[in-house]
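S.K.: This is the structure I have questions about; it appears just below.
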Amino acid sequence: MEGQTSLVSLQKSVWAGRIPLEIVLAPSESRSFDKTDPYLVCPLDIFEQIAFVDPYEISYPRLSYLPSLLPRLRAFFSPSLIEPSSQHHDGWFAFEGVPLKWHYPIGLLFDLYAGADPVTKSTVDSQEGESPLPWRLTVHFSDWPSEDLVRLDPDGMVMNDAFINSVKEADFLRNGTAKGIMSLSKEDSAGLWKSVEDINLSSFQRISNTLLPPLSQPFRNVPIRIFLPLPPDQENSSLKVVQSPMPPSVSTSSIQSSQSISSRSSPGMQLQTIGGVLHTLLPNLFPSRRTPVLAKPVLHGAVLPMSAPIEEVVRSSAYGDGWAYVVVRMMG
Amino acid sequence: MASALSAFPFLTAGDFEWACRDLADRTCGCGGWSSVRLVTENDTYLRITRCVDVLDTIEGPELREAQELEDEDPVCKPPSVHGKARTWTTFDDAHSSFLTGGAVFSPTYQVPVLYFTLRWHNHQGPLGLDAVYQYVVPEQYRKELKGVGVIGGISFGYHPASGAPAFFVHPCNTADAMAQIADARSVTPGTYLIIWLGLVGHCVNLHVPRELVASDDPSPS
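Listed in order, the protein sequences are those of chains A and B. Start counting the first sequence at 1; every next residue gets the next number (this note's numbering). Start counting the second sequence at 1001; every next residue gets the next number (this note's numbering).
See the structure below:
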């Protein structure tokens, strides 16, 4: 990738990514309709039917979090709710019966669960086949699945806290200390979260640039998490996540080593790639660090090139909390 | 005894696993905790359960301060904490509330993280943060813990191995604290874990049993 310009333009595209959603109220919570009634489906025009929401919000930003949809969904479904006393923060989402962890951005949840074929260079113009879009989710406003999901609060503080904790982890990995995020002013800390909530890239960049090491200075470690494919039976819905300290460059002589603490590029070092990370952490799924054989890495709905340097991936394509969440998808 | 730690004040995943096994072995039948289990689901971690004696679960939905009771089990005599005798019961006692805590290794911070849940036998699901501050966090730590971060030094999250909702004590200053408390030259994975638990466990009343600390000191001075 050629310098800062491409990083910035890639980041723009990532921030512009959206997923069409179709959200239905859980049939058991609706008093107006029975299970089979097609009116239950309140598809894309859910947003068009609510006067205060701009119609362009037919699809939802990949970088957003599900709870931000709840106030408008609560308002939209309020005539149908069996339990009219429920509040927006009682709301939770499920996909095919699996409660969705709201602290993950929607784009990651989609890549994990929707079963959509990731886009590659060759398929980007020929996506005419079967599409999982819009992504069909169920919203509930009662029976909180307390064994699966952390409860929300009316003021959104729990969501805000989860986001900031995640930012703090990314900051710690990049700099070897979380002092950057911890010394942010209250205003900037709140502003960072708001910029992600509002998908306001320029406001985000202003604050996050104070946290990121300059381009000339490599990260100490790269905030990257690998999500393994879900077992087909879905019996155990807990996600398998792999993470290990990943310096942006590795020694050419000991390319197998994942424990290296050194992070500075120097002679004898080469940039760590997505393929290198996958091969190191998951050698059975990724026997080669250059070619996907059994599985492929997916980020923001697209197949990641195995040769992409991990620091560039994170600098250009991280989610709002600073992490690259890469989903492993089996091939064939 | 394992040698001094290569990554101090951090731990490596290997050191952590070693320390968990060691602690689980040595706490068999140890008083103070009702159970200590080494779990090896996805990653190795430690699960410690103790009864929380401040919850009265028999009287109905209102939580209230419980009475202090004498432990009647001579085999499992509880340690005296802050001058009070505590009651410890088993995990499956139908009338108890219990705190399940555990040490989980953080691949980000390279230190153990204390995850815990508080349950009440007839309350569906784990209890919330208010109950944690009211019944689990000792009074002297409450103000300090509540004053940091967005909602305080205890956050909601998901247990990294089981994926279940759990609280955790913020780990971002753990390494700094360990560097000040532990002696870099002599600390082993086992002593690291016990010192850490002594440090962080205090915040949520998960104290290290006295026998464990005593047995860990090979040369009392």
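All C-beta atoms, glycine included, are put in the ideal place defined by N, C-alpha and C.
Which of the three DSSP states is assigned to A/P61 in this structure?
M.R.: Reduced to three states, the DSSP call for A/P61 is strand.
S.K.: What three-state label does DSSP hand A/W323 in the structure shown?
M.R.: A/W323 falls in the coil class under three-state DSSP.
S.K.: Given this structure, state the Cα-to-Cα distance separating A/T252 from A/Q272, to the nearest angstrom.
M.R.: 10 Å
S.K.: Are A/V303 and A/P297 touching if we call contact CB-CB under 8 Å?
M.R.: yes
S.K.: Can you check whether the CB of A/M246 is closer than 8 Å to the CB of A/A295?
M.R.: no
S.K.: Compare the C-alpha of A/N160 against each of A/F172, A/R174, A/R74 and A/K194 and name the closest.
M.R.: A/K194
S.K.: Touch check for the stretch 69-86 of chain A and the stretch 137-152 of chain A: three-plus C-beta pairs under 8 Å?
M.R.: Between the stretch 69-86 of chain A and the stretch 137-152 of chain A there are three or more C-beta pairs closer than 8 Å, enough to call the two in contact.
S.K.: Where DSSP assigns a beta bridge to B/P1112, which residues make up the other side?
M.R.: Among the bridge pairs identified by DSSP, B/P1112 is matched with B/F1105.
S.K.: Under 8 Å, CB to CB, which of the residues in the stretch 1117-1135 of chain B have a partner in chain A?
M.R.: Within the stretch 1117-1135 of chain B, Q1124, G1125, P1126 and G1128 place their CB atoms closer than 8 Å to a CB of chain A, listed in sequence order.
S.K.: When DSSP builds the beta bridges, which residues end up paired with A/A302?
M.R.: Under the DSSP definition of a beta bridge, A/A302 partners with A/V119 and A/L299.
S.K.: For a cutoff of 8 Å on Cβ pairs, would you count B/C1172 as touching chain A?
M.R.: yes
S.K.: Can you check whether the CB of B/V1169 is closer than 8 Å to the CB of B/D1203?
M.R.: Correcting the residue type first, residue 1203 of chain B is Cys in the shown sequence and not Asp. Taking 8 Å as the Cβ cut-off, B/C1203 and B/V1169 qualify as a contacting pair.
S.K.: Listing by chain order, which chain A residues have their CB less than 7 Å from the CB of B/A1164?
M.R.: E147
S.K.: Thinking C-alpha only, which one of A/Y319, A/G320, A/V277 and A/G322 is nearest A/M306?
M.R.: A/V277
S.K.: Given a cut-off of 8 Å on the beta-carbon distance, is the pair A/L149 and B/P1165 in contact?
M.R.: yes
S.K.: How would you call A/W323, buried or exposed, if buried means at least 16 neighbouring beta carbons within 10 angstroms?
M.R.: buried
S.K.: Between A/S59, A/V314 and A/P145, which has its C-alpha nearest A/P333's C-alpha?
M.R.: Nothing about residue 333 of chain A can be read from this structure; chain A reaches only from 1 to 332.
S.K.: Please check if any C-beta of chain A sits within less than 8 Å of the C-beta of B/F1016.
M.R.: no
S.K.: Measure the C-alpha to C-alpha separation of B/W1196 and B/L1118 and round it to an integer number of angstroms.
M.R.: Roughly 21 Å between the two C-alpha positions.
S.K.: Please return the same chain residues whose Cβ sits closer than 6 Å to the Cβ of B/V1200, not counting the five positions on each side in sequence.
M.R.: L1114 and V1169
S.K.: Beta carbon of A/S244, beta carbon of A/L281: below 8 Å?
M.R.: For A/S244 and A/L281, yes; Cβs fall inside 8 Å.
S.K.: Three-state secondary structure (DSSP) at A/W92?
M.R.: A/W92: strand per DSSP, three-state reduction.
S.K.: In angstroms, rounded to a whole number, what distance separates the CA positions of A/L73 and A/L109?
M.R.: 19 Å
S.K.: Which of the three DSSP states is assigned to B/T1191 in this structure?
M.R.: helix
S.K.: If we call anything under 8 Å between Cβ atoms a contact, is A/S202 one with A/L10?
M.R.: no
S.K.: Ignore the nearest five residues each way along the sequence and tell me which others in B/Q1124's own chain have a CB closer than 6 Å to its CB.
M.R.: none
S.K.: What span of residues does the beta strand (DSSP E) with B/T1040 cover, start to end?
M.R.: S1035 to T1040
S.K.: By a C-beta neighbour count over all protein chains shown, 10 Å radius and 16 as the cutoff for buried, is A/R31 buried or exposed?
M.R.: exposed
S.K.: For chain B, find out if any of its Cβ atoms is closer than 8 Å to the Cβ of A/A94; answer yes or no.
M.R.: Taking Cβ atoms only, chain B never reaches closer than 8 Å to A/A94, which makes this a no.
S.K.: For B/P1009, would you say it is in contact with chain A, using Cβ-to-Cβ distances shorter than 8 Å as the test?
M.R.: no
S.K.: Just by C-beta distance, which residues in the stretch 148-164 of chain A are closer than 8 Å to chain B?
M.R.: D148, L149, V150, R151, M157, V158, N160, D161, A162 and I164
S.K.: Within its chain, find whatever has a CB closer than 7 Å to the CB of B/C1172; leave out the 5 residues flanking it on each side and keep chain order.
M.R.: Y1109
S.K.: Judging by CA-CA distance, which residue of B/A1004, B/E1041 and B/V1036 is the nearest neighbour of B/G1163?
M.R.: B/E1041
S.K.: Residues of chain B with CB under 9 Å from A/P361, in chain order?
M.R.: The structure shown does not extend to residue 361 of chain A, since chain A is modelled only from 1 through 332, so no value can be given for it.
S.K.: Pop quiz: B/D1015 and B/L1005 are said to be a contact at Cβ under 8 Å. What is the actual Cβ separation, rounded to whole angstroms?
M.R.: Between B/L1005 and B/D1015 the Cβ distance is about 6 Å, and since that is below 8 Å, they are a contact.
S.K.: Please identify the residue among A/A170, A/F93 and A/V241 whose C-alpha is closest to the C-alpha of A/L212.
M.R.: A/A170
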